[in-house]
Amino acid sequence: MRVAVIGGKLQGVEAVYLAKKAGWEVVLVDKEYEVLAAELCDQFYCLDVIQVPEWIQILKGIELIIPALENQEALDSLIRSANAAGVPLVFDGDAYEISSSKISSNLLFAETGIPRPIPWPECGFPIIVKPSNASGSEGVLKIINALEYQSLLAEKDLSDWVIEEYMEGPSYSIEVIGFSGVYKVLQITELHMDGRYDCKRVMGSSSLSDEYKEQFKQIGLSLASSLKLNGIMDIETILHQGQLKVLEIDARLPSQTPIAVYHATGINMLEILGEAFVNGKPWKAFNVLEKRGVIYEHIHVQEGHLEVTGEHIMAGGRPPHFLKDFFCGG
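With positions in the sequence shown counted from 1, the corresponding number in this note's numbering is that position plus 41.
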């Protein structure tokens with residue numbers, strides 16, 4: 042199958058990697074020439090999908106479109122062009138609209154009874170302050186006391202920010218895929234963060250008890266059903282004082298965790314979802330079984346210094362390439 046991945050940054054690396062593992066021919070499109078996924082694909086086109094005439098020419102012969110970006114104008118253009126060309130687009134615009142706003146997501150959690158961090162001012166210090174529409178750890182601040190909070194208020198308009206309790210505890214993630222009312226939760230992974238609250242390591246298995254795992258899976262199914270998910274979403278939680286609380290949801294292909302899940306279980310969630318979109322019907326029932334341990338992490342080596350840090354370091358590096366048996370040999 043010939044597929045187009047739109048966006049060559051971190052999400053693009055994830056999409057291209059999994060698409061190649063599925064045995065697909067991958068065409069990568071990005072408006073920037075030097076992008077991380079450029080050396081992983083079969084063909085690379087440097088163009089802006091908002092410029093429809095050029096994009097339509099490339100779309101000929103494409104059987105599936107996989108968005109791997111968060112630019113709303115580009116996503117809107119992809120929806121229109123995919124509909125016009127009759128090519129399946131692995132994207133749920135309605136679910137994405139809710140998940141891309143932390144304020145809207147928190148309203149959904151409240152409506153569905155999903156446990157979430159206690160909002161300010163019902164909680165005490167320390168607190169977490171984060172912009173509603175930012176991605177992942179972008180812009181997240183930890184505020185220790187009232188003096189710091191008043192200082193921040195003097196600098197910023199926080200009317201469209203999320204303010205909630207600071208929580209300590211292990212972090213976990215799970216992906217849910219959905220198509221035509223059928224939903225499937227996948228492998229729970231454990232997340233380790235750096236000092237910037239950026240994920241620096243994904244463990245392909247988690248230390249959660251069976252009871253907590255079942256709770257997390259039910260949270261995933263409940264949210265997917267409430268959103269009528271037609272695509273993929275990931276859910277991040279923290280186990281805080283004996284309770285799993287949902288930090289955020291993202292109705293898009295995430296980075297890091299799908300590859301970790303693939304190597305831990307052998308399940309390629311992008312392949313399963315892509316085939317559902319192309320064939321117009323959900324997948325056959327399957328079990329998620331852990332086959333081996335996996336650690337996915339970013340290691341920064343510079344001047345004899347080795348550091349495991351968040352995925353933000355990828356943006357400053359050269360495009361990655363496949364290297365097998367790196368740890369083997371003399």
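Using N, Cα and C, we set each Cβ at its ideal position, and we do this for glycine too.
In the structure shown, Pro172 falls within a strand segment according to DSSP collapsed to helix, strand and coil. As DSSP reads the structure, Tyr137 sits in no beta bridge. If you look at Gly261, you'll find it in the alpha helix (DSSP H) that goes 251-268. Taking the Cα positions, His341 is about 6 Å away from Val349. Under the DSSP assignment, His304 falls outside any beta strand (DSSP E), being part of the alpha helix (DSSP H) whose first and last residues are 298-306. Looking only at Leu81, Glu205, Val44, Arg237, the smallest Cα-Cα distance to Pro160 is reached by Glu205. For Val70 and Lys62, the gap between their C-alpha atoms comes out near 19 Å. Take the alpha-carbon of Phe363 and the one of Ile168: they are about 41 Å apart.
DSSP places Tyr58 within a helical segment (H, G or I) once states are collapsed to three. The three-state reading of DSSP puts Asp235 in coil, since its state is none of H, G, I, E or B.
Distance from the CA atom of Cys164 to the CA atom of Gly283, rounded to whole angstroms, is 17 Å. For Gln84, the uninterrupted beta strand (DSSP E) run begins and ends at 84-87, by DSSP. Between the stretch 229-236 and the stretch 199-213 there are three or more inter-stretch CB-CB distances shorter than 8 Å, so the stretches are counted as touching.
Judged by pairs of C-beta atoms under 8 Å, the stretch 117-135 touches the stretch 314-334, as three or more such pairs exist. Excluding sequence positions up to five before and after Gly219, its CB lies within less than 7 Å of the CB of Ala265, Leu270, Asn271, Gly272, all in the same chain and listed in chain order. Straight-line measurement puts the Cα of Leu262 at about 14 Å from the Cα of Leu149.
Boundaries of the beta strand (DSSP E) around Arg43: 43-47.
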